[in-house]
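Numbering follows the numbering used here, in which position 286 of the sequence shown is assigned residue number 506; successive positions increment by one, without gaps.
From the three backbone atoms N, C-alpha and C, an ideal C-beta is built for every residue, glycine too.
One structure is given here, and the rest of the page talks about it.
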Amino acid sequence: MEWKRVKAELLAEGRVALSGEECGPYLSRSTAGPTAGGEGSVFFSVGGRRVRLSVDPRATLVLDHEGGGKAVIRRPGREPLRGVLEIPGLHCPRQAYITLSERCIFSCRYCSVPRLHGRVKCPDEVVEKVKGVLDRVDVISLTSGVADSVEREEKEVLNVVRKVAPLGKPVGVSVYPTERTPDLLHDLGVEEVKWNLEAATPALFARMCPGLDYDHMWRALRRSVDLFREGAVCSNVIVGLGETDEEMARCITDLTEAGVIPVLRPLSPAAELSGWPRPPSGRLLRLLEIHEQALRDAGLDTRKVRTMCTACTGCDLTPGRDT
Ligand code: SF4
């Protein structure tokens, strides 16, 4: 079976129960985004292509760890799927992807972070963590909730960027930007940025992310493409917030025509949306085709992105990397 179909089915399930050997070093715990908290997740990969699955003892899929990272996913009515578990750097494989503030003053309806009241890491702690995994990562990626104010978060992330830049790895940043953030990060030598539109339409965004500004995100994206170059700017858009395929196709095309690589993130139902369905595999595959075509038309290549979600691919179907 083709990888993209297998991955679409796994993403539509989203979760695995673990059996067999302990998964200790293969487990990753998320402190940002909708999957923050919980029992952690594993990165299962087949032939160098990966999927991230949340660990949940009630899941229908069972991942049997045979030891040494060798694993089999058993799916009802399907052939068992053999692969390997990858050891994360920080958060995901091959990256030191670190969350500065594990809390947020905003309350996007799909996101667990505001309810977790997590920690705020100081720049020196971040640098120590990054140094601790430096020999097994290719890049450094930084993200954050908004602990206090957007301006203060910007100051903190700039501080951290100054401290990790001398470590000699490409740096990517995804925070809620101010008008100045793209310029300031560019001046510090950051390689790539990701500002998340989150919803396919302004109306859905207003409903899902009260207090945040869709037009502002667009301005940050456009300014960033001018500064960083086409294809060095990405934006997560969640699939499954109530948008139609046509609305998602429009959003994808608007982004790619602006030089931005969309990251189509299947909804992980959490927080206020915890009773919502995950998008089915058929829809993910339909949108993958639209996504792939739009990237091709705009001359954008996900394989050139080195940091954050487009490089990781764990949570999403990524044209060029999964196809
Ligand atoms: S795709 Fe992004 S959010 Fe998902 S595991 Fe990878 S880096 Fe984390």
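Pair within 9 Å by beta-carbon distance, residue 459 and residue 499: By one-based count along the sequence shown, residue 459 stands at place 239. By one-based count along the sequence shown, residue 499 stands at place 279. Contact flag set, yes.
heavy atom of the ligand SF4 below 8 Å from residue 522 C-beta: Against the sequence shown, residue 522 aligns to sequence position 302. Outside the cutoff, so no.
Terminal residues of the alpha helix (DSSP H) in which residue 333 lies: Taking the sequence shown and counting its residues from 1, the one referred to as residue 333 is at position 113. Annotation: the continuous alpha helix (DSSP H) that includes residue 333 extends over 333–336.
Residue of 315, 475 and 328 minimising C-alpha distance to residue 450: Translated into the one-based positions of the sequence shown, residue 450 becomes position 230. With distances taken between Cα atoms, residue 450 lies closest to 475.
Completely contained alpha helix (DSSP H) runs for the stretch 342–366, where each covers 4 or more residues: Taking only runs of at least 4 residues, the alpha helix (DSSP H) segments lying wholly in the stretch 342–366 are 343–352.
Identity of the residue in 362, 406, 387 and 424 nearest residue 394 by Cα: In the sequence shown, residue 394 corresponds to position 174, counting from 1. Among 362, 406, 387 and 424, the Cα nearest to that of residue 394 belongs to 362.
Neighbourhood of residue 249 by C-beta, 6 Å cutoff - its chain only, sequence neighbours within 5 removed: In the sequence shown, residue 249 corresponds to position 29, counting from 1. Only 260 meet the Cβ criterion.
Given 8 Å, three or more beta-carbon pairs between the stretch 238–247 and the stretch 503–512: Output reads no: the stretch 503–512 does not touch the stretch 238–247.
Cross-strand partners of residue 457 (DSSP beta bridge): Translated into the one-based positions of the sequence shown, residue 457 becomes position 237. 418 and 484.
Any non-hydrogen atom of the ligand SF4 within 8 Å of residue 361 CB: Looking up residue 361 in the sequence shown gives position 141. For residue 361, the shortest separation between its Cβ and any heavy atom of the ligand SF4 lies below 8 Å.
Neighbourhood of residue 315 by C-beta, 6 Å cutoff - its chain only, sequence neighbours within 5 removed: The sequence position of residue 315 within the sequence shown is 95, counting from 1. Same-chain partners within the cutoff: 309, 357, 359 and 361.
Cβ contact check for the stretch 311–327 and the stretch 409–424: 3 or more pairs under 8 Å: no
Assigned secondary structure, residue 290 (DSSP; H/G/I helix, E/B strand, else coil): Locating residue 290 in the sequence shown gives position 70, where the first residue counts as 1. Strand at residue 290.
In DSSP terms, what residue 264 is bridged to: Working through the sequence shown from its first residue, we reach residue 264 at position 44. Looking at the DSSP assignment, residue 264 forms a beta bridge with 271 and 305.
At least three beta-carbon pairs within less than 8 Å, the stretch 337–350 to the stretch 300–308: Taking 8 Å as the limit for Cβ pairs, the verdict is that the stretch 300–308 does not touch the stretch 337–350.
Span separating the alpha-carbon of residue 279 from that of residue 236: For this step, residue 279 is matched to residue 59 along the sequence shown. For this step, residue 236 is matched to residue 16 along the sequence shown. Approximately 5 Å between the Cα atoms of the pair.
Cβ contact (3+ pairs, closer than 8 Å) linking the stretch 461–470 and the stretch 525–541: no
Residues surrounding the ligand SF4 [beta-carbon distance to nearest heavy atom under 5 Å]: This criterion selects 272, 312, 529, 532, 534 and 535.
DSSP beta-bridge partners of residue 315: Here residue 315 corresponds to residue number 95 of the sequence shown, with the count starting at 1. Paired residue(s): 359.
Among 313, 366, 343 and 312, nearest to residue 333 - alpha-carbon criterion: As a position in the sequence shown, residue 333 is number 113, starting the count at 1. For residue 333, the nearest C-alpha among the options comes from 366.
Rounded separation between residue 283 and residue 264 - CA only: Within the sequence shown, numbered from 1, the residue matching residue 283 stands at position 63. Within the sequence shown, numbered from 1, the residue matching residue 264 stands at position 44. Computed Cα separation, rounded: 9 Å.
Boundaries of the beta strand (DSSP E) in which residue 235 is found, first to last residue: Numbered from its first residue, the sequence shown carries residue 235 at position 15. Residues 235–240.
Assigned secondary structure, residue 284 (DSSP; H/G/I helix, E/B strand, else coil): One-based indexing of the sequence shown puts residue 284 at position 64. Three-state DSSP puts residue 284 in a strand.
Residues sharing a beta bridge with residue 391, DSSP: As a first step, residue 391 is located in the sequence shown; it is residue number 171 there, counting from the start. Per DSSP, the beta bridge partners of residue 391 are 360.
Residue interval of the alpha helix (DSSP H) (run including residue 380): Mapped onto the sequence shown, residue 380 falls at position 160. Its alpha helix (DSSP H) spans residues 370–384.
Residues near residue 454 by beta carbon distance below 6 Å, same chain, minus five either side: Translated into positions along the sequence shown, residue 454 becomes position 234. If we look at residue 454 and ignore the five residues flanking it on each side, its Cβ neighbours are 414, 481, 483 and 530.
Bridge partner(s) assigned by DSSP for residue 445: As a first step, residue 445 must be located in the sequence shown, where it is residue number 225. Answer by DSSP bridge pairing: none, since residue 445 is not bridged.
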